[in-house]
Every structure is written in structure tokens, then in C-alpha cells.
Amino acid sequence: MPDYSPITAEIRSRIAAVPGLTLIDDPAALDEFGRDKTPGAFHRPELVVEASEACAIQALLRLANDCRFPVVPRGLGTGLAGGAIPVCGGVVLSLARMNRIVAIEPRDMIAVVEPGVRNLDLKNAAQEYGLFYPPDPASNDICSLGGNAATNAGGPACVKYGTTRDYILGLEAVLPNGELIRAGVQTRKGVVGYDMTRLLVGSEGTLGVITKLIVRLIPLPADVCTLVALFPKLTSAMETITTILMRGHMPSTLEFMDSRCMELVGDILPFSGVKKEAGAMLLVESDGEPETIRRNITAMRDICLESGAVEALVAPDEEKRKQMWDVRRAISLRIEEAHPLDIQEDIVVPLGKIAAFVECLPDCETAHGVKIYAFGHAGDGNIHLSVTTGSLEARGKAESAVREIIETVIAMGGTMSGEHGVGIAKQPFLSLELSPESIRIQRAIKRLFDPNLILNPGKIFA
Numbered sequence: 084m085p086d087y088s089p090i091t092a093e094i095r096s097r098i099a100a101v102p103g104l105t106l107i108d109d110p111a112a113l114d115e116f117g118r119d120k121t122p123g124a125f126h127r128p129e130l131v132v133e134a135s136e137a138c139a140i141q142a143l144l145r146l147a148n149d150c151r152f153p154v155v156p157r158g159l160g161t162g163l164a165g166g167a168i169p170v171c172g173g174v175v176l177s178l179a180r181m182n183r184i185v186a187i188e189p190r191d192m193i194a195v196v197e198p199g200v201r202n203l204d205l206k207n208a209a210q211e212y213g214l215f216y217p218p219d220p221a222s223n224d225i226c227s228l229g230g231n232a233a234t235n236a237g238g239p240a241c242v243k244y245g246t247t248r249d250y251i252l253g254l255e256a257v258l259p260n261g262e263l264i265r266a267g268v269q270t271r272k273g274v275v276g277y278d279m280t281r282l283l284v285g286s287e288g289t290l291g292v293i294t295k296l297i298v299r300l301i302p303l304p305a306d307v308c309t310l311v312a313l314f315p316k317l318t319s320a321m322e323t324i325t326t327i328l329m330r331g332h333m334p335s336t337l338e339f340m341d342s343r344c345m346e347l348v349g350d351i352l353p354f355s356g357v358k359k360e361a362g363a364m365l366l367v368e369s370d371g372e373p374e375t376i377r378r379n380i381t382a383m384r385d386i387c388l389e390s391g392a393v394e395a396l397v398a399p400d401e402e403k404r405k406q407m408w409d410v411r412r413a414i415s416l417r418i419e420e421a422h423p424l425d426i427q428e429d430i431v432v433p434l435g436k437i438a439a440f441v442e443c444l445p446d447c448e449t450a451h452g453v454k455i456y457a458f459g460h461a462g463d464g465n466i467h468l469s470v471t472t473g474s475l476e477a478r479g480k481a482e483s484a485v486r487e488i489i490e491t492v493i494a495m496g497g498t499m500s501g502e503h504g505v506g507i508a509k510q511p512f513l514s515l516e517l518s519p520e521s522i523r524i525q526r527a528i529k530r531l532f533d534p535n536l537i538l539n540p541g542k543i544f545a
């Protein structure tokens with residue numbers, strides 16, 4: 084890392100003089116901006132600034148290069164890999180105030196938004212025009228679209244609709260040198276030059292600060308139908324997922340939770356017939372025209388029963404559907420509340436190896452003395468794991484279990500992160516997945532964009 088300058092009184096004064104920047108240096112507020120949702124990760128910034136326009140960000144980054152202090156972009160602080168934590172100190176750049184939905188163009192089926200817009204706010208705004216923005220992280224009511232773009236966030240709808248990257252047609256971003264660029268298009272196709280949009284999306288704020296997004300919208304599905312299936316074993320539930328997909332069904336959601344998760348949320352399950360002692364639960368949805376989706380959900384229900392489900396229940400109304408999603412979204416919080424240490428992983432394995440992977444988990448628990456919860460987006464192989472211990476002092480056991488899990492995933496042809504990103508949490512494992520040559524090239528790209536390493540330093544490639 085470079086020898087960065089501290090934020091001196093002179094530097095602070097120069098930052099304060101930039102129109103469009105609001106300074107925050109209250110100690111309690113600085114503490115809040117020193118963490119995100121990554122368990123145990125904390126580095127206090129020297130200063131926080133809130134930007135209200137792109138030209139203010141340009142001025143800040145030019146000043147950062149001139150004075151050699153680091154700048155860390157931050158959305159709404161919901162990241163799970165430490166991507167917005169200022170590990171080198173310096174300035175945290177909050178984009179929360181850049182939260183306008185600039186335009187929704189129904190005839191073009193696009194929206195233009197600033198990075199601080201909440202995911203759910205765009206969904207609701209698009210719905211008023213009969214349109215739909217599919218990317219659906221579990222934290223959609225509190226996460227920002229800029230943060231979603233920085234990590235290429237996914238969510239339950241990925242199995243049918245894809246990730247955030249699939250909906251970003253173009254963007255505006257401030258590069259580390261303070262230059263403003265516009266990348267991508269407002270059309271459904273475009274192949275002029277290198278694809279800068281796809282390079283910046285998923286780069287975790289290390290190559291540029293996104294200041295505007297042009298996102299693709301699709302017609303709002305007419306209806307949605309939800310199925311809950313209970314299985315005696317987790318492996319049989321995972322095998323059922325492959326069967327559903329291999330038979331040509333494309334559910335809009337295919338989620339699961341294991342028996343441990345069900346024990347934690349059993350008191351809020353909305354169906355009286357649901358047995359808390361079941362080994363696993365699948366949450367399956369189909370969206371589209373009412374008659375079509377009811378045929379699809381019936382066919383998938385039959386597959387579940389053929390595959391050993393002890394119960395398969397169709398949600399009778401929207402209220403029951405909402406309650407089931409409340410249960411799904413409560414899992415992470417309840418795990419966190421139940422254990423002093425909770426390391427959250429978001430591995431992905433090939434669809435055909437989901438069952439084989441979950442079969443490895445009990446042996447991993449025994450070997451390392453940890454308790455592992457499994458849930459998530461099984462329809463695209465993205466399994467969320469909470470590796471927990473009964474005390475903070477047992478962190479070493481949890482970390483050794485995580486390493487074994489990642490090694491197993493990569494040996495199966497998977498990846499260590501589907502949507503959380505690398506940040507600082509997964510840096511120790513980067514060489515397990517990427518070759519030395521790949522790492523060298525990507526570090527060179529970072530240096531090309533940011534020769535002084537002032538933008539979000541210490542992340543991904545450190």
C-alpha cells in the first residue's frame with residue numbers, strides 16, 4: 084500500500100470548500116461508517132463526506148490524487164464482505180443523498196437512477212407503469228442500486244431473471260483521476276468498443292464511483308404462485324431442484340432452508356401443516372399468466388411429491404405468500420442473534436453438484452467444531468452458509484471450516500462468491516480460485532484505472 088497522507092486540517096478545509104459535499108466528523112457517526120454488515124469488521128474513517136452531485140465527486144477524487152489520501156465509496160452499508168470499510172483510513176464517500184429516480188421511460192422500458200436509490204423504491208416506482216425490475220437481494224428494502232451494481236447483487240429471482248449486471252444497460256461513473264465517463268447504451272444491443280459497463284459492474288468500487296445507472300425494465304408479471312415443499316432430508320430437496328429444472332420448468336424463485344434454519348424460524352411459519360422437524364424446505368414460485376403458472380406450480384408440486392416430499396402446500400393468497408417471504412428473510416437475523424460468531428458465505432456450485440456439496444457439510448462441522456446453517460438460492464446453485472460458533476474465541480475454528488468449504492467448492496467447479504463480492508472477507512482465499520496470471524492482469528487493470536491507488540484501496544487484490 085502507498086504511504087497515504089492523513090486528513091490534515093488543511094486537507095479537511097479543502098474538502099469542505101467543494102460545493103456539493105457535506106462533511107461528517109462526529110465521532111459516533113464515524114464509527115457507523117467504519118462498519119457494514121460484515122460480522123466483526125471495523126475500521127474508523129478519518130472523515131465522511133456525503134455527495135449530492137457527480138461534479139463534487141470529481142473534485143474530491145482530484146484532491147485525493149493531489150494530496151494522496153484514500154477514498155472509499157459507500158452505498159447504504161449493507162455489504163457482507165467488507166467492501167465499503169475504510170481499511171486504510173482516509174475518507175468515506177457516502178452516496179446515500181444521490182437517491183433520485185431521474186426518469187422512468189415506459190415506451191423504452193428503462194429507468195435512469197442515481198446510486199443511492201433503494202432497490203425496493205425502484206421496484207415500486209416501476210410497478211406504477213406496469214413494469215418490473217427483477218434483481219431482488221434479500222435486503223431490497225435497505226440496499227442501494229449503486230451497491231447492488233458494485234457487487235453485481237443477485238437474489239431469489241436470479242434463477243429465472245439473472246443478476247444486476249443483466250439489467251444495467253449503461254452507467255455514468257467518476258474514475259479515480261476525477262474524469263467522468265459514460266459507458267454502455269440506452270438500447271437493448273450495443274457492441275461499440277470494450278464493454279466498460281460490465282467491467283465497472285461488480286468491481287466493488289475499486290475502478291470508479293458510479294453516479295448514474297440506466298437499467299432495463301421488463302413487463303410486470305400478471306400473477307405469481309407460491310409452493311412450499313417439505314422434505315425429510317436436505318439432500319433429497321437438493322436433488323429435487325435438479326429434477327425440476329431438468330424437466331423444463333423455469334420457476335421465478337427456487338429457494339431452500341435446512342432443518343436448522345427451520346428450527347430458528349419455526350414459530351413464524353404461516354402454515355399449520357408445516358412440520359418444524361422436517362429436514363429441509365423448498366420455496367418455489369412461478370410468475371406469469373395465471374392459468375400458465377398454476378399449471379406450472381401443480382407440475383412442480385407433483386415433482387416434489389414424487390421426489391419424497393412429505394408435504395407440498397400452495398400458498399392460498401398473497402398474505403400467506405408474504406408471510407413465507409418474511410420467514411425466508413428472517414433467517415440471517417435469527418442466526419446472528421443466536422450465535423456470538425456468524426461468518427456468512429455465499430458459495431456457488433454447479434447445479435448437478437448441489438446435493439453432493441450439502442452432503443459434505445456434516446463432516447466439516449465435526450472436523451472443526453462448528454455449526455453450519457444452509458439456505459439460499461438453490462435454483463442457481465448459490466448456497467448461503469452461516470458458519471457459527473458459541474464464542475468469539477473460536478473464530479479460528481470457523482475460519483478453518485470456511486477454508487475447507489471454499490476448497491471443496493472450487494474442487495467441484497464452483498466459486499467462493501455468487502453475490503457478496505470479495506471485499507476484505509474473501510481476500511485470503513483469492514489464490515484458491517484465480518490463477519497467478521489472472522491476478523496479475525487484474526491488478527494491472529486496477530493500476531491503469533487508479534495509478535495512485537486512492538480509490539477503495541485494500542480490497543479484492545489488496
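For the sequence shown, the positions run 84 to 545 when the working numbering is used.
Using N, Cα and C, we set each Cβ at its ideal position, and we do this for glycine too.
{"Query": "Count the other C-beta atoms from every protein chain shown that fall within 10 angstroms of the C-beta of Ser621, then say buried if there are 16 or more, exposed otherwise.", "Result": "The displayed coordinates of the chain run from 84 to 545. Any statement about residue 621 would go beyond what the structure contains."}
{"Query": "Three or more beta-carbon pairs under 8 Å between the segment 487–506 and the segment 257–272, yes or no?", "Result": "no"}
{"Query": "Does the structure place the segment 506–526 close enough to the segment 263–279 that three or more beta carbon pairs sit under 8 Å?", "Result": "no"}
{"Query": "Round the Cβ separation of Met340 and Ile414 to the nearest angstrom and send it over; I've been treating them as touching at under 8 Å.", "Result": "6 Å"}
{"Query": "In this structure, what does DSSP give as the bridge partners for Cys308?", "Result": "Ser369"}
{"Query": "At which residues does the alpha helix (DSSP H) containing His451 begin and terminate?", "Result": "437–451"}
{"Query": "Can you name the start and end residues of the beta strand (DSSP E) that Val175 belongs to?", "Result": "174–177"}
{"Query": "For Arg299, which three-state DSSP category applies?", "Result": "strand"}
{"Query": "Within the same chain, show all residues whose beta-carbon is closer than 7 Å to that of Asp249, passing over the 5 residues directly before and after it, in chain order.", "Result": "none"}
{"Query": "Go to Arg145, then tell me how far its alpha helix (DSSP H) extends in each direction, as first and last residue.", "Result": "137–150"}
{"Query": "Please confirm if Ala392 has its CB atom under 8 Å from at least one CB of chain C.", "Result": "Looking at the structure shown, chain C is missing, and only one protein chain is on hand."}
{"Query": "Closer than 8 Å by C-beta to Asp306: which residues in its own chain qualify, once you throw out the five before and the five after it? Chain order, please.", "Result": "Asp370, Gly371, Glu372, Pro373, Ile376"}
{"Query": "I'd like to check one pair, Met333 with Val432: are the Cβ atoms closer than 8 Å?", "Result": "no"}
{"Query": "To which residues of the same chain is Val40 closer than 6 Å at the C-beta, ignoring the five residues directly before and after it?", "Result": "The structure shown does not extend to residue 40, since the chain is modelled only from 84 to 545, so the question has no answer here."}
{"Query": "Sorted by chain position, which residues of the same chain lie with C-beta nearer than 8 Å to Val393's C-beta, five sequence neighbours on each side aside?", "Result": "Leu313, Phe314, Pro315, Lys358, Ala361"}
{"Query": "Give me whichever residues DSSP pairs with Glu255 in a beta bridge.", "Result": "Arg265, Lys295"}
{"Query": "Go ahead and label Ser222 buried or exposed: buried means 16 or more other beta carbons lie within 10 angstroms of its beta carbon, across all protein chains shown.", "Result": "buried"}
{"Query": "Mapping the DSSP letters down to three states, classify Lys529 as helix, strand or coil.", "Result": "helix"}
{"Query": "So what's Leu283 in DSSP terms, helix, strand or just coil?", "Result": "helix"}
{"Query": "Return yes when the Cβ of Lys120 is within less than 8 Å of the Cβ of Glu197, no when it is not.", "Result": "no"}
{"Query": "By how many angstroms is the C-alpha of Cys226 removed from the C-alpha of Pro534?", "Result": "30 Å"}
{"Query": "Within the present structure, is the beta-carbon of Gly123 separated from the nearest heavy atom of the ligand SAH by less than 7 Å?", "Result": "Among the components modelled here there is no ligand, and therefore nothing to report on the ligand SAH."}
{"Query": "Within the continuous beta strand (DSSP E) that includes Thr472, where are the two ends?", "Result": "465–472"}
{"Query": "Who are the near neighbours of Ile493 in its chain, counting only those whose CB is closer than 8 Å to its CB and skipping five residues on each side?", "Result": "Met499, Leu515, Glu516"}
{"Query": "Under a Cβ-count criterion, where at least 16 other Cβ atoms within 10 Å of its own Cβ denotes burial, should Arg183 be classed as buried or exposed?", "Result": "exposed"}
{"Query": "Is the distance from the Cβ of Ala461 to the Cβ of Ile437 below 8 Å?", "Result": "yes"}
{"Query": "Taking the continuous beta strand (DSSP E) assigned at Thr105, which residues delimit it?", "Result": "104–107"}
{"Query": "Using a threshold of 8 Å, state whether the C-beta atoms of Pro156 and Gly288 are closer than that.", "Result": "yes"}
{"Query": "Determine the direct distance from the alpha carbon of Pro128 to that of Val170, and round the result to whole angstroms.", "Result": "8 Å"}
{"Query": "Quick check: the Cα distance between Ile351 and Asp86, rounded to an integer number of angstroms?", "Result": "52 Å"}
{"Query": "For the beta strand (DSSP E) holding Thr336, just list the boundary residues, first then last.", "Result": "336–341"}
{"Query": "Which class does Thr246 belong to by DSSP, given the choice of helix, strand or coil?", "Result": "coil"}
{"Query": "Got a sec, what are the start and stop residues for the alpha helix (DSSP H) Leu290 sits in?", "Result": "Segment: none, Leu290 is in no alpha helix (DSSP H) and carries neither H nor E."}
{"Query": "Thinking just about the alpha-carbon of each residue, which of Glu255, Asp446, Ser469, Pro217 is nearest to the one in Tyr456?", "Result": "Ser469"}
{"Query": "Which residues in the same chain have their Cβ closer than 6 Å to the Cβ of Gly452, if we skip the five residues on either side of it in sequence?", "Result": "Lys480"}
{"Query": "What is the DSSP secondary structure of Asp400, counted as helix, strand or coil?", "Result": "coil"}
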